[in-house]
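Below is one structure, written out as structure tokens; the observations come after it.
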Amino acid sequence: QVQLVESGGGLVQPGGSLRLSCAASGTFFRIYAMAWYRQAPGKGRELVAVIGSGGSVNYADSVKGRFSISRDNAKNTVYLQMNNLKPEDTAVYYCNTHIQNWSWGQGTQVTVSS
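161 is the number of the first residue of the sequence shown in our numbering; add one for each residue after it.
Structure representation (structure tokens):
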């Protein structure tokens, strides 16, 4: 079973930046499109960004121009660079495949507050 470990979250002021990482165990990482999701308090989990196995990317409208997803297949790791953070970006961030077929990790908390 693949394990996902997210890291890099924290408390940041509005306008600040964070870089999240998600490391996956197993040998099939490179064949999957990978995605970042987030869940704010009292809300459902939402898709934030997707990166295909070939590197194509897509973003939720709410983060376009501010977030950037990337991957390093040699390290089985997907990243999320988050710039110009806003209070509404506060959430627990998770990664998974684009079809969510791996067990969810513990996530990493991102809090944007002054």
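We put the beta carbon where it would ideally sit given N, CA and C, even for glycine.
In the DSSP assignment, what residue or residues form a beta bridge with residue i?
i: Thr237; result: Ala183, Asp232
i: Val250; result: The sequence as given places Thr at residue 250; Val does not occur at that position. In DSSP, Thr250 forms no bridge with anything.
As a quick exercise: from the options, pick the residue whose alpha carbon is nearest that of residue i.
i: Lys246; options: Gln163, Ser185, Val223, Ser167; result: Val223
i: Phe188; options: Tyr253, Ser273, Ser213, Val172; result: Ser213
i: Val252; options: Leu171, Val162, Gln161; result: Leu171
i: Gly215; options: Ser274, Lys203, Asp232; result: Asp232
i: Gln241; options: Val162, Cys182, Gln163; result: Cys182
i: Ser228; options: Glu248, Ser167, Leu178; result: Leu178
i: Gly265; options: Tyr197, Ile191, Pro174, Gly175; result: Tyr197
Can you tell me whether residue i is buried or exposed, with buried defined as 16 or more other CB within 10 angstroms of its CB?
i: Gly267; result: buried
i: Ala209; result: buried
i: Asn236; result: buried
Alpha carbon to alpha carbon, what distance is there between residue j and residue i?
i: Asn256; j: Gln199; result: 13 Å
i: Val238; j: Ile259; result: 15 Å
Under three-state DSSP, which class holds residue i?
i: Phe188; result: coil
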